[in-house]
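Q: Can you keep this structure in mind? I'll have questions shortly.
Number of protein chains: 2
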Amino acid sequence: MDSNFEVIAEPNRRAILSLLASSERSVQEIEQRLRMSQPSVSKHLRVLRDAGFVQSRVDAQRRVYRIRPEPLKEVDVWLSTFRHFWSTHVDALERHLDRIAQEPRGKGKKR
Amino acid sequence: MDSNFEVIAEPNRRAILSLLASSERSVQEIEQRLRMSQPSVSKHLRVLRDAGFVQSRVDAQRRVYRIRPEPLKEVDVWLSTFRHFWSTHVDALERHLDRIAQEPRGKGKKR
DNA sequence: CGAGTATATACGGGGTGGGGTATATACGGG
DNA sequence: CCCGTATATACCCCACCCCGTATATACTCG
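The listed protein sequences derive, respectively, from chains A and B. Sequential numbering of the first sequence, starting at 1, is according to my numbering. Sequential numbering of the second sequence, starting at 1001, is according to my numbering.
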């Protein structure tokens, strides 16, 4: 798994992250709430941990997982390149795109 | 391809989107700038278009592609669930996480 | 219309990721 | 210690994605 984007491409992993967004959880809690098999949860958590999306602490026999924000922050940084497309100046942008789309063609071309 | 996240999981597709972020481009321009084969570019553009990330207009024999922000906006919305982890109140959050991380067995460690 | 250019699709192959089952490892309590 | 619980890993299999090559389609212009 070589990129953060591939990590969050998997729906179950996104579900795990969303679940952990509210609070930390043990493997079993994740398993029950998301109705996934235990090995599946463990494997996804392995991927998430290796990529730095989560970290675990030990609580008796349990491993409690919680979010680590860094990789998500990196995704956010990538997105920021595009954010001007919708965040502000939307109307001006739309007008701009429309204008580009109707650029006058040099050769008279029917449409 | 059933989710926006899978679409942007592919590095070449992210490269295409990043390229189109600055301005619209023909297939050939993308092909040359990113050193990808023409069929590969066309196929990735197909995926991007089907998912709504780009749209094309016709310019003589060329197809000129440009960004459509909606799917990226959706990704941004998903991310917003996690943004409080790093955007503001960072210090309070870090203290909170550190406190949680304190294991009952007095193995205090700092990053 | 025919040639040339630009883009899209068909097809086959190789690599990989995710699921399930079975098993291994860690840990705590009695 | 030993047992039960909690979690991690091994292994196999299947589906799917991406690539390259070859071919088809679209459009323009002479």
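All C-beta atoms in this analysis are idealised placements derived from N, C-alpha and C, irrespective of residue type, glycine included.
Can a CB atom of chain A be found closer than 8 Å to the CB of Asp1050(B)?
A: No, Asp1050(B) does not count as interfacial toward chain A.
Q: Residue ranges of each beta strand (DSSP E) run of no fewer than 3 residues wholly in the segment 1025 to 1071 of chain B, ordered along the chain?
A: Qualifying beta strand (DSSP E) stretches, in chain order: 1054 to 1059 and 1062 to 1067.
Q: Residues in the same chain with beta-carbon distance under 7 Å from His1084(B), minus the five sequence neighbours each way, listed in chain order, please.
A: Closer than 7 Å at the Cβ level, and outside the excluded window around His1084(B), lies no residue.
Q: Under 8 Å, CB to CB, which of the residues in the segment 1016 to 1030 of chain B have a partner in chain A?
A: Against chain A - using a Cβ distance shorter than 8 Å - the residues of the segment 1016 to 1030 of chain B are Leu1017, Ser1018, Ala1021 and Glu1024.
Q: Give a yes or no on whether the minimum CB-CB distance between Ser37(A) and chain B is below 8 Å.
A: Judged by the 8 Å Cβ criterion, Ser37(A) is not in contact with chain B.
Q: Look up Asp76(A) in the DSSP assignment and say whether it is helix, strand or coil.
A: If DSSP states are grouped into helix, strand and coil, Asp76(A) belongs with the helices.
Q: Tell me, to the nearest whole angstrom, how far the beta carbon of His1044(B) is from that of Ile1008(B); I am working on the premise that it is less than 8 Å.
A: Actually they do not touch by this definition, with Cβ atoms about 11 Å apart.
Q: With Ala9(A) as the anchor, note down where its alpha helix (DSSP H) starts and where it stops.
A: That residue, Ala9(A), is in no alpha helix (DSSP H); it is neither H nor E in DSSP.
Q: Select from Ser87(A), Trp86(A), Trp78(A) and Phe82(A) the residue whose C-alpha is nearest the C-alpha of Ser3(A).
A: Of Ser87(A), Trp86(A), Trp78(A) and Phe82(A), the residue nearest in Cα terms is Trp78(A).
Q: If you count every other CB in all the chains shown that lies within 10 Å of the CB of Arg35(A), and 16 or more means buried, which is it?
A: Exposed.
Q: Could you name the residues of the same chain whose beta carbon sits closer than 7 Å to that of Arg14(A), not counting the 5 residues immediately before and after it, in chain order?
A: Cβ neighbours of Arg14(A) beyond the five flanking positions: Ile8.
Q: Pull up the distance between the alpha-carbon of Ala1021(B) and that of Ser87(A), whole angstroms please.
A: Those two C-alpha atoms are separated by around 14 Å.
Q: Check the Cβ of Leu1034(B) against every Cβ in chain A and list those closer than 7 Å, keeping chain order.
A: Those do not exist, as Leu1034(B) stays about 16 Å from chain A at its closest Cβ, beyond 7 Å.
Q: The segment 1074 to 1087 of chain B: which residues have C-beta closer than 8 Å to a C-beta of chain A, in chain order?
A: Residues passing the 8 Å Cβ filter: Val1075, Asp1076, Trp1078, Leu1079, Thr1081, Phe1082, Arg1083, Phe1085 and Trp1086.
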